[in-house]
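Participant:
2 protein chains.
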Amino acid sequence: MNSIITGAFGFSGRYLTQSISDEVICVSRSKKNKTNIDNDNNYLVDCDLLNKTAANNLIKQYQPKTIYHLAGSFTQNFEEDYNSNVITTKNILDAVMQFSPKSRILLIGSAAEYGLIKFEDCPIKENAQLRPYNSYGLTKIYQKFLMDYYVNQYSLDIVMARPFNIYGKGASPLLFIGNLYKQISLYKSGDISRISLGNLENKRDYIFIEDVIKHYITIMKYGTSGEIYNVASGKATLTKDLLKTILDEEGLDLSIIDSNSRPIQANDSSVIFADISKLQRLYSDR
Amino acid sequence: MNSIITGAFGFSGRYLTQSISDEVICVSRSKKNKTNIDNDNNYLVDCDLLNKTAANNLIKQYQPKTIYHLAGSFTQNFEEDYNSNVITTKNILDAVMQFSPKSRILLIGSAAEYGLIKFEDCPIKENAQLRPYNSYGLTKIYQKFLMDYYVNQYSLDIVMARPFNIYGKGASPLLFIGNLYKQISLYKSGDISRISLGNLENKRDYIFIEDVIKHYITIMKYGTSGEIYNVASGKATLTKDLLKTILDEEGLDLSIIDSNSRPIQANDSSVIFADISKLQRLYSDR
């Protein structure tokens, strides 16, 4: 009885490995950024999930009770994101089908699948139209249909979380929040004297990484196979307000920020937030 | 001012090349089965659309007014169908974006995208839920989302036909109708004494290949960019009745048929037919 976490050294993976009390197999392809694993129950397996044989061997060896498939990429290079988000998933699902058909798998989607969200579509539900405006979102949709197919056709036990804007230390510097944390660190070390950010006047559905992890575990425990759950706060937070909160925690204030007050782009809705009633029912129904 | 037809030597491609009066560039990867091109306006270009450079050169050289992208596969090998149905499309779209952004492109989807159609969902509309039960249908869904993405993000001019059960001589022997024609030919030559077929008691939306081609041309002419059109008869035909019609045309009768009266499978709906009102409006709105 154990769990596998792929992408264990990514942003979410680092938080998740600390939160699971089962024996955890941390799977990682990348050689870099592997810190010591604090939890005695955890150990590390190197596995390139793009390699079908490696994926098969992994699943065959551990036959895990649960698989948190957090590995993925958002490079916006279609081929790379397709491999990281779709092919790794397909290799895991094929391996599970063959060697461990009772494993329960959590896949991680993205609000980027919804894409061109209009204010009147909010709060956005899981069955909303999918209209991605970047190739990352496109590959996450491909992953979603892969889930449907393996659930319908092979009765695999798969649930999907669809997170909105996650914040917390360790986020990728490619995203707004990660970029902010990176600049805060550079500011504190004296390497930069100002922090430059984009549009702060939009409202997004921000959710703290520790809440995200709690919801992932809940979805894994109680979610219905084949279903997707928005993972979000259900509220629209002004980006500037979130920024103030984070700066406050760091003992800084807004005066050090240079904000680019560029006009809102066609693809840049002013307000986006999620309907989280489906997620909430997983808690209330207990 | 010319047209490109990919998969020009496939089942639909052979009929289409005969029906277009423009100058036509027939694109084919496969070396086999290339018959002479009857129409003086047509000529043949060898091009492997999986090769990005080849696709770029093709589009750069001809800058076609229209592209009928009929190439594709339904091998049910996921990687192969993904390449034939998704990557060829992506290479064409990327090339069009770069070298011929005004080209209008027709993509060919499939009723297999709808997948698990229930009788109560019929007549099935284009916005129905997509629940494929084979990997071919899955790759066709991937192609559909690719269209959405290139239309939304790059304003490419793309329309999509979603054909149901096509019949006519030349259909792939992997499909019911193609298999029937193949056996008829073997029967006539004396190579077999009986024709063996599967379930004849289901009802499907059968449409004759020449009607399909007419609709493809109409969708190319009048369809709205980004939209999908069911290409079907709108009626449920008992497979046995279609069989009688075809045998009749061949001067044969039902007595030579061995039908497998296997019970209907979970995935095998007894009745499937399409809502074709969206297609019909393309004719009535003229």
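Protein sequence lines, in the order shown, are assigned to chains Z and H.
Residue 123 in our numbering sits at position 123 of the first sequence, and the numbers go up by one each step.
Take any residue in the second sequence, count from 1 to its spot, add 286: that is its number in our numbering.
Virtual Cβ for every residue (Gly too), placed ideally from N, Cα, C.
From a predicted model like this one, the values you see are computed outputs, not experimental measurements.
(1) Counting contacts by CB-CB distance shorter than 8 Å, is H:Pro409 in contact with chain Z?
(2) Listing by chain order, which chain Z residues have their CB less than 7 Å from the CB of H:Tyr440?
(3) Z:Phe119 versus chain H: which residues are under 9 Å apart at the beta carbon?
(4) Short of 8 Å in beta carbon distance, which residues of its chain neighbour H:Asp434, apart from the five on each side in sequence? Order them along the chain.
(5) Assign Z:Tyr283 to one of two classes, buried (16 or more other C-beta atoms within 10 Å of its C-beta) or exposed (fewer than that).
(6) Determine which residues of the segment 417 to 447 of chain H have a Cβ less than 9 Å from any Cβ of chain Z, and write them out in chain order.
(7) Pick from Z:Ser270, Z:Lys278, Z:Ile59 and Z:Gly251: whose alpha carbon is nearest that of Z:Thr239?
(8) Look at the alpha carbon of Z:Thr17 and the alpha carbon of Z:Lys278, and state the distance between them as a whole number of angstroms.
(9) Can you list, in chain order, the stretches of the alpha helix (DSSP H) that have 4 or more residues and sit fully within the segment 510 to 536 of chain H?
(10) Is there a C-beta anywhere in chain H that falls below 8 Å from the one on Z:Leu116?
(11) Can you tell me where the beta strand (DSSP E) with H:Ala447 in it begins and where it stops?
(12) Measuring alpha carbon to alpha carbon, tell me which of Z:Ser110, Z:Val27, Z:Tyr62 and Z:Phe78 ends up nearest Z:Val96.
(13) For the alpha helix (DSSP H) containing H:Val382, name the first residue and the last one.
(14) Going by beta carbon distance, what residues of the same chain come within less than 6 Å of Z:Ala111, once the five residues before and after it are set aside?
(15) What does DSSP give as the partner residues of Z:Leu70 in its beta bridges?
(16) Please report the straight-line C-alpha distance between Z:Asp253 and Z:Phe11, rounded to a whole angstrom.
(17) Using CA coordinates, which residue listed in H:Met446, H:Leu379, H:Leu461 and H:Gln469 is at the minimum distance from H:Ser359?
(18) What does the Cβ neighbour count give for H:Thr361, buried or exposed, with the cut at 16 atoms within 10 Å?
(19) Do Z:Arg104 and Z:Leu116 have their C-beta atoms closer together than 8 Å?
(20) May I ask which residues mark the beginning and end of the alpha helix (DSSP H) holding H:Leu565?
(21) Just the C-alpha distance for H:Asp571 and H:Ile514, rounded to the nearest angstrom, thanks.
(22) Could you spell out the range, first to last residue, of the beta strand (DSSP E) harbouring Z:Ile192?
(23) Starting from the C-beta of Z:Ile289, find all residues in its chain whose C-beta is less than 6 Å away, skip the five residues before and the five after it, and write them out in chain order.
(24) Could you tell me the distance, in whole angstroms, from the CA atom of H:Asn377 to the CA atom of H:Ala341?
(25) Can you tell me whether H:Pro459 is buried or exposed? The criterion is at least 16 other CB atoms within 10 Å of its CB, across all chains shown.
(26) Name the DSSP bridge partner or partners of Z:Asp258?
(27) Just how far apart, CA to CA, sit Z:Asp211 and Z:Val231?
(28) Out of H:Ile478, H:Leu528 and H:Asp308, which has the shortest C-alpha to C-alpha gap to H:Glu487?
(29) Which parts of the segment 382 to 470 of chain H are runs of the alpha helix (DSSP H), unbroken and 4 residues or longer, counting only runs that do not cross its ends?
(30) Quick one: using the 10 Å Cβ neighbour count with 16 as the cut-off for buried, is H:Glu412 buried or exposed?
(31) Return the bridge partner residues of Z:Asp46 from the DSSP annotation.
(32) What is the DSSP secondary structure of Z:Ala55, counted as helix, strand or coil?
(33) How many Å lie between H:Tyr440 and Z:Tyr133 at the Cα?
(34) According to DSSP, what are the bridge partners of Z:Ala274?
Facilitator: According to the structure data:
(1) Sequence index remark: in the second sequence, residue 409 of chain H carries index 123 (1-based). So, not an interface residue.
(2) Within the second sequence, residue 440 of chain H is the residue found at index 154, counting from 1. Chain Z residues near H:Tyr440: none, gap ~10 Å exceeds 7 Å.
(3) Within the first sequence, residue 119 of chain Z is the residue found at index 119, counting from 1. Per Cβ cutoff of 9 Å: no residues; Z:Phe119 is ~18 Å from chain H at best.
(4) Translated into the one-based positions of the second sequence, residue 434 of chain H becomes position 148. Within the same chain, H:Asp434 has close Cβ partners Gly512.
(5) On the first sequence, residue 283 of chain Z is found 283 positions in, with the first residue counted as 1. Per the 10 Å Cβ criterion, exposed.
(6) Arg417, Pro418, Tyr419, Asn420, Ser421, Gly423, Leu424, Ile427, Tyr428, Phe431, Leu432, Asp434, Tyr435, Asn438 and Gln439
(7) The residue you call residue 239 of chain Z lines up with position 239 of the first sequence. Z:Thr239 has its Cα closest to that of Z:Ser270, out of Z:Ser270, Z:Lys278, Z:Ile59 and Z:Gly251.
(8) The residue given as residue 17 of chain Z occupies position 17 in the first sequence. The residue given as residue 278 of chain Z occupies position 278 in the first sequence. Z:Thr17 and Z:Lys278: Cα-Cα distance of roughly 25 Å.
(9) 525 to 535
(10) One-based indexing of the first sequence puts residue 116 of chain Z at position 116. It does; some Cβ of chain H falls within 8 Å.
(11) Locating residue 447 of chain H in the second sequence gives position 161, where the first residue counts as 1. Element bounds for H:Ala447: Asp443 to Pro449.
(12) Counting from 1 along the first sequence, the entry for residue 96 of chain Z is found at position 96. Minimum Cα distance to Z:Val96 is reached at Z:Tyr62.
(13) Working through the second sequence from its first residue, we reach residue 382 of chain H at position 96. Per DSSP, H:Val382 belongs to the alpha helix (DSSP H) from Thr374 to Phe385.
(14) Residue mapping note: residue 111 of chain Z aligns to position 111 of the first sequence, counting from 1. Excluding residues within five positions, the ones whose Cβ falls inside 6 Å are Phe164.
(15) Numbered from 1 along the first sequence, position 70 holds the residue referred to as residue 70 of chain Z. DSSP output for Z:Leu70 lists no bridge partner at all.
(16) For the purposes of this step, residue 253 of chain Z is taken as the residue at position 253 of the first sequence. For the purposes of this step, residue 11 of chain Z is taken as the residue at position 11 of the first sequence. Going by the C-alpha atoms only, they are around 25 Å apart.
(17) Working through the second sequence from its first residue, we reach residue 359 of chain H at position 73. That would be H:Leu461, whose Cα lies nearest to the Cα of H:Ser359.
(18) Sequence index remark: in the second sequence, residue 361 of chain H carries index 75 (1-based). Its Cβ having fewer than 16 others within 10 Å, H:Thr361 is exposed.
(19) The residue given as residue 104 of chain Z occupies position 104 in the first sequence. The residue given as residue 116 of chain Z occupies position 116 in the first sequence. No.
(20) Position 279 of the second sequence holds residue 565 of chain H. Note, H:Leu565: alpha helix (DSSP H), Ser563 to Ser570.
(21) Here residue 571 of chain H corresponds to residue number 285 of the second sequence, with the count starting at 1. Here residue 514 of chain H corresponds to residue number 228 of the second sequence, with the count starting at 1. Approximately 17 Å between the Cα atoms of the pair.
(22) As a working note, residue 192 of chain Z is residue 192 in the first sequence. Premise fails: Z:Ile192 is in no beta strand (DSSP E) and is neither H nor E.
(23) Residue 289 of chain Z is absent from the structure shown; chain Z starts at 1 and stops at 286.
(24) Stepping through the second sequence from its first residue, residue 377 of chain H is reached at position 91. Stepping through the second sequence from its first residue, residue 341 of chain H is reached at position 55. Their backbone Cα atoms lie some 6 Å apart in a straight line.
(25) Here residue 459 of chain H refers to the residue found at position 173 of the second sequence. H:Pro459 should be labelled exposed.
(26) On the first sequence, residue 258 of chain Z is found 258 positions in, with the first residue counted as 1. Beta-bridge pairing links Z:Asp258 to Z:Ser196.
(27) As a working note, residue 211 of chain Z is residue 211 in the first sequence. As a working note, residue 231 of chain Z is residue 231 in the first sequence. Spanning the two alpha carbons is a distance of roughly 9 Å.
(28) For the purposes of this step, residue 487 of chain H is identified with residue 201 of the second sequence, where counting begins at 1. Of the candidates H:Ile478, H:Leu528 and H:Asp308, the one whose C-alpha sits nearest the C-alpha of H:Glu487 is H:Leu528.
(29) 421 to 440
(30) Within the second sequence, residue 412 of chain H is the residue found at index 126, counting from 1. Classification of H:Glu412: buried, given that the 10 Å Cβ count is 16 or more.
(31) Within the first sequence, residue 46 of chain Z is the residue found at index 46, counting from 1. Per DSSP, Z:Ser28.
(32) Looking up residue 55 of chain Z in the first sequence gives position 55. Note: Z:Ala55 maps to helix in three-state DSSP.
(33) By one-based count along the second sequence, residue 440 of chain H stands at place 154. By one-based count along the first sequence, residue 133 of chain Z stands at place 133. Near 10 Å, if we compare the C-alpha coordinates of Z:Tyr133 and H:Tyr440.
(34) In the first sequence, counting from the first residue as 1, residue 274 of chain Z sits at position 274. DSSP output for Z:Ala274 lists Z:Ile124 as bridge partner(s).
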